[in-house]
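Here is the structure we will look at, set down as structure tokens.
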Amino acid sequence: MFTRLSAVTVMLFTLFCTLAQPALAEEHGTAAEAKSMVQKAITAMKKNGIESTIAEINKRDGQYKDKDLYVVVYSMSGQNLAHLNPKMVGKDMIELTDVDGKHFIKERIELAKKNGSAWQDYKFLNPVSKQIEPKSMYIEKFDTVIVGCGIYK
Numbered sequence: 002m003f004t005r006l007s008a009v010t011v012m013l014f015t016l017f018c019t020l021a022q023p024a025l026a027e028e029h030g031t032a033a034e035a036k037s038m039v040q041k042a043i044t045a046m047k048k049n050g051i052e053s054t055i056a057e058i059n060k061r062d063g064q065y066k067d068k069d070l071y072v073v074v075y076s077m078s079g080q081n082l083a084h085l086n087p088k089m090v091g092k093d094m095i096e097l098t099d100v101d102g103k104h105f106i107k108e109r110i111e112l113a114k115k116n117g118s119a120w121q122d123y124k125f126l127n128p129v130s131k132q133i134e135p136k137s138m139y140i141e142k143f144d145t146v147i148v149g150c151g152i153y154k
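Numbers given in the numbering used here equal positions in the sequence shown, counted from 1, plus 1.
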């Protein structure tokens, strides 16, 4: 009896996890989606100008937010020009550190200068879960700005 009950419990748990997995996956963007959003923003910057695209990115319900993905834009000196959180826009973020003390904006600028594009790892507040989580951000330098979009791991 115990073995049969345990087997049924395991089967039900497995079924639940299998059914829940797609729903959980839909909440999180992928690396390919993040990179695509950056490239979409850069294409818009080329077509419509940097300032116009930044204004569009700063719209909370705009086309540059999907699931837990959102596009950010920084100046080459570390000023935040576009972000999901309007309180961050316009702020000098050069000295910002993550919970481990990593100066991730300084690192982002160096990566952009050196490579033009890169993936960067750090920790940040996930706007969906409201928790500090490991994050990888894809960045590309375009003209005088750095455009990025990250995935929470």
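Each residue gets a CB set at the ideal place from its N, CA and C atoms; glycine is no exception. Note that the coordinates shown come from a computational prediction; the quantities given were computed from them, not determined experimentally.
Burial state of residue i, where buried means 16 or more other Cβ atoms lie within 10 Å
{"i": "residue 149", "result": "buried"}
{"i": "residue 133", "result": "exposed"}
{"i": "residue 81", "result": "buried"}
{"i": "residue 146", "result": "buried"}
{"i": "residue 61", "result": "exposed"}
{"i": "residue 23", "result": "Only weak support exists for where residue 23 lies, its pLDDT of 42 falling under 50; the coordinates are left without a value."}
Whole-number beta carbon distance between residue j and residue i, since they are thought to touch under 8 Å
{"i": "residue 69", "j": "residue 139", "result": "With a Cβ gap of about 14 Å, residue 69 and residue 139 do not count as contacting."}
{"i": "residue 151", "j": "residue 35", "result": "6 Å"}
{"i": "residue 95", "j": "residue 107", "result": "6 Å"}
Cβ-based neighbour list, residue i, same chain, cut-off 7 Å, excluding 5 preceding and 5 following
{"i": "residue 54", "result": "42, 45 and 46"}
{"i": "residue 83", "result": "55, 58, 59, 72, 73, 74 and 90"}
{"i": "residue 93", "result": "79 and 80"}
{"i": "residue 30", "result": "67, 68, 69, 70 and 152"}
{"i": "residue 51", "result": "144 and 146"}
{"i": "residue 127", "result": "69, 134 and 153"}
{"i": "residue 129", "result": "28 and 69"}
{"i": "residue 1", "result": "Past the boundaries of the shown model lies residue 1; the chain is included only from 2 to 154, so the question cannot be answered."}
Terminal residues of the beta strand (DSSP E) in which residue i lies
{"i": "residue 103", "result": "Residue 103 -> no beta strand (DSSP E), and no H or E assigned at all."}
{"i": "residue 153", "result": "146 to 153"}
Unbroken alpha helix (DSSP H) run spanning residue i, endpoints
{"i": "residue 40", "result": "32 to 49"}
Proximal residues to residue i (C-beta, below 6 Å), its chain only, five neighbours per side dropped
{"i": "residue 135", "result": "124 and 154"}
{"i": "residue 105", "result": "99 and 123"}
Sequence-distant residues of the same chain with beta carbon closer than 8 Å to residue i, five excluded per side
{"i": "residue 39", "result": "72, 139, 140, 141, 148, 149 and 150"}
{"i": "residue 112", "result": "119, 121 and 140"}
Would you mind listing the beta strand (DSSP E) stretches within the stretch 58 to 135 that are 3+ residues and don't spill past its ends, in chain order? DSSP runs (the beta strand (DSSP E)) wholly in the stretch 58 to 135: 70 to 76, 81 to 83 and 118 to 126.
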